[in-house]
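These notes concern the structure reproduced below.
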Amino acid sequence: MGLRPTPTKSEEIMKIIRVNDIAAHDGEEVTIQGWVYKRTGKGKLAFLLVRDGSGFVQCVAFKGDLDEALFDIISRIPQESSVIITGTVRKDDRAPGLPGGYELGIQSFEVIQAADEDYPMALKEHGADFALDNRHFWIRMPSQWAILRIRATIISAIREWLDDNGFILMDTPILTPAAAEGTTTLFETEYFDEGKAYLAQTGQLYNEANIFAFGKVYCFGPTFRAEKSKTRRHLTEFWMVEPEIAFCDLDELMNIEEQFVAHIVKRVLEKNRPELESLDRDISALEKVTGEFPRISYDKAVEMIKEIQAKTEDPEEKAFLEIEWGMDFGARHETVLTQQFDKPVFVYGYPTQVKAFYMEPMPGRPEACKSVDLLAPEGYGEIIGGSERMSDPDLLLQRIREHELPEEAFQWYLQLRQFGSVPHSGFGMGVERTVAWICGTDHIRETIPFPRTIKRVYP
RNA sequence: UCCUCAUUAGCUCAAUUGGCAGAGCGAGCGGCUGUUAACCGCUAGGUUCUUGGUUCGAGUCCAAGAUGAGGAGCCA
């Protein structure tokens with residue numbers, strides 16, 4: 482507040498509100514503190530769309546009501562100038578904004594800083610490169626503002642549900658000694674005299690230790706993958722929540738996941754309806770995400786994809802949909818599969834060979850394992866990957882050797898199975914993919930404030 | 001790592017067969033009492049990604065490179 486050292490007399494009595502509360506102040510004289518998002522004029526009228534972080538509201542100045550010099554300042558104020566505006570709230574259906582429908586008739590107007598006139602982010606559509614180079618400004622635009630507010634609700638709902646259902650937050654390390662699933666996709670850093678350390682790509686193995694102390698736990702933090710993936714579904718730094726539960730089998734895991742996801746969607750519908758509407762999200766599609774989700778086996782899913790492929794005429798699409806039992810699903814497979822349902826769908830029992838080493842085999846079917854992915858509808862695909870973990874120490878050691886993982890680094894993990902091993906399960910949910918699905922965003926880079934991709938670490 | 005595409009004004013894009021570098025938005029100035037991507041008039045704004053080549057002449061054709069995007073593989 483260095484620009485405004487002491488409050489004036491009038492400031493001491495003014496009633497500062499936030500824009501998202503404006504409906505509660507109809508007819509009152511209030512003050513808002515924010516930034517000029519857009520300015521238009523019509524002779525003796527000036528319209529400012531002002532944002533204050535909580536919403537966007539139209540402020541109107543009429544030349545006849547104000548000192549001429551003040552009206553001149555208002556009608557010339559550059560976009561993004563920071564301002565403090567006092568005026569009377571009135572309901573008006575013509576008023577744009579978020580939530581909209583109310584406007585402020587300007588009575589006094591203080592400029593904190595008049596912005597430079599060459600603000601780079603014009604109010605129009607931008608290409609991806611320009612938008613990402615200007616991410617520090619892009620987040621001021623309503624679409625990005627709406628997505629990031631929904632992201633905050635999703636994160637809050639994640640913690641709320643887990644905290645209310647007996648899960649304990651256990652922060653797992655970000656600097657780790659070795660790969661959980663191979664070293665090729667890890668970011669590497671020097672670690673004093675201990676050699677290399679790696680940025681974590683999962684907290685799961687540590688959570689498997691934590692459950693034997695706390696029963697039900699979750700970790701929630703950034704995750705790092707150095708994969709050279711350049712798609713609309715990939716970031717190199719993303720946030721993942723990973724619950725882990727003792728005495729829990731695959732069916733119980735699916736029960737937990739569907740309650741968890743339904744709660745998150747419910748909270749967004751309660752808290753962020755104006756944001757969803759501003760994004761033109763099909764809200765009725767989200768309202769269907771309740772109750773039980775369909776559960777289909779990998780075997781059934783392969784059959785369904787084969788049927789869809791047989792009906793596909795486009796030769797390129799047909800080639801992408803080619804599948805045989807034993808193959809992992811690609812993005813196209815997930816897309817056509819989820820389009821068959823209007824809720825998230827569980828696919829369980831994937832082939833052992835395409836999944837991680839620590840998953841429990843299906844009873845009597847060692848070629849399949851007790852894994853389950855949750856695929857979001859409308860073509861969004863995998864948002865959760867989970868499994869029942871292997872509890873037999875001998876088989877686990879065998880798998881570590883088969884995958885040629887450094888046995889010595891997994892000693893502590895193997896010891897867990899020797900001292901009170903129980904059936905246990907867990908899953909990881911990618912926050913950004915979940916945000917993309919709920920917001921209906923077509924690219925994951927818009928779902929995190931400052932995305933990190935293979936080609937971008939600025940800003 | 002592989003495949004495909006793109007790069008022209010601050011931004012989004014045009015530019016016919018190789019023949020004068022253009023528009024809209026944004027910015028500045030002027031006009032307008034209800035604007036919603038306002039509208040009307042005027043002004044300013046260019047290393048056509050880089051380097052080399054072909055040609056009387058290259059934004060356009062050729063070669064190499066740079067940068068970015070989408071996708072595959074892998075994954076959340």
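If you want this note's numbering, it's the position in the first sequence, counting the first as 1, plus 481.
Ideal placement from N, C-alpha and C gives every residue a C-beta, glycine not left out.
Computed from a predicted structure; not experimentally measured.
What's the C-alpha gap between residue i and residue j?
| i | j | result |
| --- | --- | --- |
| P940 | P932 | 9 Å |
| S872 | P904 | 6 Å |
| I558 | L716 | 38 Å |
| D923 | E788 | 27 Å |
| K677 | A890 | 13 Å |
| E831 | A812 | Strictly speaking, residue 831 in this sequence is Tyr, with Glu absent from that position. Using only the alpha carbons, I get a separation of about 16 Å. |
| I631 | E756 | 7 Å |
| D533 | Q539 | 11 Å |
| M495 | T512 | 6 Å |
| P486 | A595 | At P486, the pLDDT of 49 sits below 50, so the modelled position is not reliable; the number obtained from the coordinates is stated separately. Roughly 18 Å separates the two Cα atoms. |
| R914 | I635 | 11 Å |
| Q879 | E848 | 15 Å |
| L656 | W893 | 17 Å |
| G867 | F668 | 23 Å |
| M482 | A527 | Caution applies to M482, whose pLDDT of 37 falls short of 50 and renders its modelled position unreliable; the value that the coordinates give is listed next. Each residue's alpha carbon lies about 28 Å from the other. |
| D644 | F543 | 52 Å |
| I497 | Q790 | 60 Å |
| F705 | N688 | 17 Å |
| L750 | E927 | 20 Å |
| G772 | G522 | 51 Å |
| Q821 | L897 | 41 Å |
| E768 | K747 | 8 Å |
| D597 | R714 | 36 Å |
| P844 | I745 | 33 Å |
By DSSP, does residue i sit in helix, in strand, or in coil?
| i | result |
| --- | --- |
| G545 | helix |
| W516 | strand |
| I554 | helix |
| I498 | coil |
| P832 | strand |
| T816 | helix |
| L430 | Because the chain here runs from 482 to 940, residue 430 falls outside it and cannot be looked at. |
| A638 | helix |
| L484 | Interpretation of L484 is limited by its pLDDT of 49, a score under 50 that renders its predicted location unreliable; no figure is taken from the coordinates. |
| V938 | coil |
| S563 | strand |
| I786 | helix |
| K523 | strand |
| E798 | helix |
| L650 | strand |
| F590 | strand |
Of the choices the options, whose alpha-carbon is the least far from that of residue i?
| i | options | result |
| --- | --- | --- |
| V835 | G807, G845 and Y861 | G807 |
| K572 | L585, L629, S556 and T521 | L585 |
| D854 | G702, I864, L886 and E848 | I864 |
| D502 | F543, D553, G582 and T771 | G582 |
| V912 | G921, R898, G901 and I929 | I929 |
| S902 | E869, E885 and M910 | E869 |
| D732 | I566, F908 and Y699 | F908 |
| F827 | A766, G921 and E738 | E738 |
| L856 | K824, F741, T704 and I881 | K824 |
| G524 | V531, E549 and E768 | E549 |
| N646 | K697, R762 and L547 | K697 |
| Q624 | I639, T934 and E606 | Reading off the sequence shown, one finds Ser at residue 624, where the question assumed Gln. The option with the nearest alpha carbon to S624 is E606. |
| E805 | D546, I786, V817 and S906 | I786 |
| D652 | I620, D674, A690 and Y679 | A690 |
| G702 | K711, Q685, S562 and A603 | Q685 |
| A917 | G862, S637, A800 and H617 | G862 |
| C729 | E708, F673, E841 and I628 | E841 |
| R506 | L877, V541 and G568 | Checking the sequence shown, residue 506 turns out to be His, not Arg. Out of L877, V541 and G568, G568 has the C-alpha closest to the C-alpha of H506. |
| F695 | L680, T712, I726 and E797 | I726 |
| D599 | T712, Q560 and E671 | Q560 |
| G578 | R846, E758 and I935 | E758 |
Tell me, please, which residues DSSP counts as bridged to residue i.
| i | result |
| --- | --- |
| L656 | L680 |
| Q583 | The amino acid occupying residue 583 in the given sequence is Tyr; Gln does not appear at that position. Per DSSP, K572. |
| G911 | M721 |
| R926 | Per DSSP, none; premise fails for R926. |
| Q539 | L530 and E584 |
| R776 | F827 |
| G578 | V538 |
| V511 | G568 |
| T670 | A678 |
*Taking the runs of the beta strand (DSSP E) that are 3 residues or longer, which of them lie wholly in the segment 838-904?*
846-850, 852-857 and 862-870
*If you scan the segment 690-774 from start to end, which runs of the alpha helix (DSSP H) of 4 or more residues do you find wholly inside it?*
731-752, 754-759 and 764-768
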